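Comments concern the structure below.
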Amino acid sequence: MKLNNNTILITGGTSGFGLEFASKLLALGNTIIITGRNQAKLDEINKKLPGVHTFKSDVSDAGAIEQLYKQVSAQFPSLNVLINNAGEMRAISLNDASTGLRDLTREVEINLMGPMRMVQQFLPLLKQQNEAAIMNVTSGIALMPFPVSPIYGATKSGLRSYTKSLRVQLKNSRVKVFELIAPGSSTPLNDQFMDMDGINANLMMDPGKLIDMAIAGLGKDKLEIYPGLARVMKIMSRLAPGFLLKQASKVGAKFMETAG
Ligand SMILES: NC(=O)c1ccc[n+]([C@@H]2O[C@H](COP(=O)([O-])OP(=O)(O)OC[C@H]3O[C@@H](n4cnc5c(N)ncnc54)[C@H](OP(=O)(O)O)[C@@H]3O)[C@@H](O)[C@H]2O)c1
Numbered sequence: 622m623k624l625n626n627n628t629i630l631i632t633g634g635t636s637g638f639g640l641e642f643a644s645k646l647l648a649l650g651n652t653i654i655i656t657g658r659n660q661a662k663l664d665e666i667n668k669k670l671p672g673v674h675t676f677k678s679d680v681s682d683a684g685a686i687e688q689l690y691k692q693v694s695a696q697f698p699s700l701n702v703l704i705n706n707a708g709e710m711r712a713i714s715l716n717d718a719s720t721g722l723r724d725l726t727r728e729v730e731i732n733l734m735g736p737m738r739m740v741q742q743f744l745p746l747l748k749q750q751n752e753a754a755i756m757n758v759t760s761g762i763a764l765m766p767f768p769v770s771p772i773y774g775a776t777k778s779g780l781r782s783y784t785k786s787l788r789v790q791l792k793n794s795r796v797k798v799f800e801l802i803a804p805g806s807s808t809p810l811n812d813q814f815m816d817m818d819g820i821n822a823n824l825m826m827d828p829g830k831l832i833d834m835a836i837a838g839l840g841k842d843k844l845e846i847y848p849g850l851a852r853v854m855k856i857m858s859r860l861a862p863g864f865l866l867k868q869a870s871k872v873g874a875k876f877m878e879t880a881g
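Quick look at the structure:
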């Protein structure tokens, strides 16, 4: 699809991939709208990237999505691209009995229910445009379990499944459905994992390079985009899934035994 003159809504645009998408797509000549939960971070982006439109909105809150839709559709009726990027990843020991039931599923609400609700809310508007796209940001962890983050892994493989179904259901529309299968990358999301046993920080991809590849994929209509090691993970997940799980199980091995 064309890479300029789009109106693009990016959830979670205040750091990491979302911020890279916002600055690079703005530079290409697009109208950019970002969301996030933290007003101070949004104000910071307003200063850093004047021209980017910011809305405080939590993707895990259905009411906030309805409110966001009212504001965005009124101010930006030509919205034609939705990038479901907002996400959270936590290390969770399932052996820790003190984890509350509500807190346990927080990533499901953000990473899985968030994109599903965003799509449902914005799809009628996207369908009105001549050319439109939805990009869901999944992960190499959608292709394999990552035991130290068991809920996160479930959300990303769930989002991958949903994205494939969505693509089938929209095949006769003008809305293209993209999936960015991102490998591990040096963003704030990963800070908590950097001191864990079994982690290899050298394998983390530069977020700027990763998002350059994502944007190039969008421009070439590559519906599934596998930057860097994600392509290797795709092959390994088919040829040697047991080996991949064994390697992934080394990360945070001590933490996972924590009983709380
Ligand atoms: N970094 C990696 O290694 C990696 C690999 C594969 C996939 N991914 C995926 O890439 C996406 C972006 O991750 P990142 O690495 O860029 O993380 P990040 O730097 O931590 O950024 C996450 C962004 O999402 C926002 N956010 C979090 N929860 C939100 C919510 N409930 N509602 C609205 N915004 C929310 C954050 O802002 P506030 O906290 O202010 O709301 C922030 O702007 C995520 O979906 C992640 O799962 C990351």
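622 is the number of the first residue of the sequence shown in the numbering used here; add one for each residue after it. We put the CB at the ideal spot given by N, CA and C, even for glycine. In this text, all values refer to a predicted model and were calculated from it rather than measured experimentally.
Residue of 868, 628, 863 minimising C-alpha distance to residue 704: Looking up residue 704 in the sequence shown gives position 83. If we check each option's Cα against that of residue 704, 628 comes out closest.
Runs of beta strand (DSSP E) lying entirely within the stretch 687 to 722, each at least 3 residues, in chain order: 702 to 705
Residue 632 to residue 646 span [Cα, whole Å]: The count along the sequence shown starts at 1 and reaches residue 632 at position 11. The count along the sequence shown starts at 1 and reaches residue 646 at position 25. The alpha-carbon atoms of residue 632 and residue 646 are separated by roughly 14 Å.
Inter-residue spacing [alpha-carbon to alpha-carbon] between residue 862 and residue 658: Working through the sequence shown from its first residue, we reach residue 862 at position 241. Working through the sequence shown from its first residue, we reach residue 658 at position 37. One C-alpha to the other measures close to 36 Å.
Reference residue 728, options 788, 771, 654, 630, closest by Cα: Numbered from 1 along the sequence shown, position 107 holds the residue referred to as residue 728. The candidate whose alpha carbon is nearest that of residue 728 is 771.
Counted within 10 angstroms of its Cβ, other Cβ atoms place residue 748 as buried (16 or more) or exposed: Within the sequence shown, residue 748 is the residue found at index 127, counting from 1. Exposed, since its Cβ has fewer than 16 Cβ neighbours within 10 Å.
Check: residue 743 C-beta below 7 Å from any heavy atom of ligand 1: Within the sequence shown, residue 743 is the residue found at index 122, counting from 1. Every heavy atom of ligand 1 is 7 Å or more from the Cβ of residue 743, so no.
Exposure label - residue 786; buried when at least 16 CB within 10 Å: Here the question's residue 786 lines up with position 165 in the sequence shown. Label assigned to residue 786: exposed.
Cβ neighbour criterion (16 or more within 10 Å) applied to residue 641: Taking the sequence shown and counting its residues from 1, one reaches residue 641 at position 20. With 16 or more other Cβ atoms within 10 Å, it is buried.
Rounded C-alpha distance that separates residue 699 from residue 752: Counting from 1 along the sequence shown, the entry for residue 699 is found at position 78. Counting from 1 along the sequence shown, the entry for residue 752 is found at position 131. Spanning the two alpha carbons is a distance of roughly 10 Å.
Cβ-based neighbour list, residue 831, same chain, cut-off 8 Å, excluding 5 preceding and 5 following: In the sequence shown, counting from the first residue as 1, residue 831 sits at position 210. Here the set comprises 638, 641, 803, 804, 806, 848, 849.
Residues bridged to residue 826 [DSSP beta-bridge criterion]: Residue 826 sits at position 205 when you count from the first residue of the sequence shown. DSSP lists 806 as partners of residue 826.
Residues that DSSP places opposite residue 797 in a beta bridge: For the purposes of this step, residue 797 is taken as the residue at position 176 of the sequence shown. Answer is 754, bridged to residue 797.
First and last residue of the uninterrupted beta strand (DSSP E) at residue 653: As a first step, residue 653 must be located in the sequence shown, where it is residue number 32. Its beta strand (DSSP E) spans residues 652 to 657.
Exposure of residue 825, with buried meaning 16 or more beta-carbon neighbours within 10 Å: The residue labelled residue 825 in the question sits at position 204 within the sequence shown. Buried: at least 16 other Cβ atoms inside 10 Å.
Beta-bridge partners of residue 676, as assigned by DSSP: Position 55 of the sequence shown, counted from the first residue, corresponds to residue 676. Note: residue 676 sits in a beta bridge opposite 656.
Member of 713, 774, 724, 791 whose CA lies at the smallest distance from the CA of residue 740: Position 119 of the sequence shown, counted from the start, is the residue given in the question as residue 740. The candidate whose alpha carbon is nearest that of residue 740 is 791.
Distance CB(residue 856)-CB(residue 624) smaller than 8 Å: Taking the first residue of the sequence shown as position 1, residue 856 is located at position 235. Taking the first residue of the sequence shown as position 1, residue 624 is located at position 3. In this structure, residue 624 does not lie closer than 8 Å to residue 856 by Cβ.
Spatial distance of residue 809 from residue 796 (CA atoms): Reading the sequence shown from its first residue, position 188 is the one you call residue 809. Reading the sequence shown from its first residue, position 175 is the one you call residue 796. Going from the Cα of residue 809 to the Cα of residue 796 covers about 31 Å.
Option in 730, 788, 725 with minimal Cα separation from residue 756: Counting from 1 along the sequence shown, the entry for residue 756 is found at position 135. Among 730, 788, 725, the Cα nearest to that of residue 756 is on 788.
DSSP three-state assignment for residue 882, whether helix, strand or coil: Within the shown structure, residues of the chain are numbered from 622 to 881, placing residue 882 beyond reach of any answer.
Same chain, Cβ closer than 6 Å to residue 706, neighbours up to 5 away in sequence not counted: Residue mapping note: residue 706 aligns to position 85 of the sequence shown, counting from 1. So the list reads 631, 632, 633, 638, 639, 758, once near-sequence residues are dropped.
Residue 716 versus residue 761: straight-line alpha-carbon distance, rounded: Position 95 of the sequence shown, counted from the start, is the residue given in the question as residue 716. Position 140 of the sequence shown, counted from the start, is the residue given in the question as residue 761. Approximately 25 Å, taken between the alpha carbons.
Alpha-carbon to alpha-carbon, residue 675 and residue 660: Residue 660 sits at position 39 when you count from the first residue of the sequence shown. Residue 675 sits at position 54 when you count from the first residue of the sequence shown. The alpha-carbon atoms of residue 660 and residue 675 are separated by roughly 9 Å.
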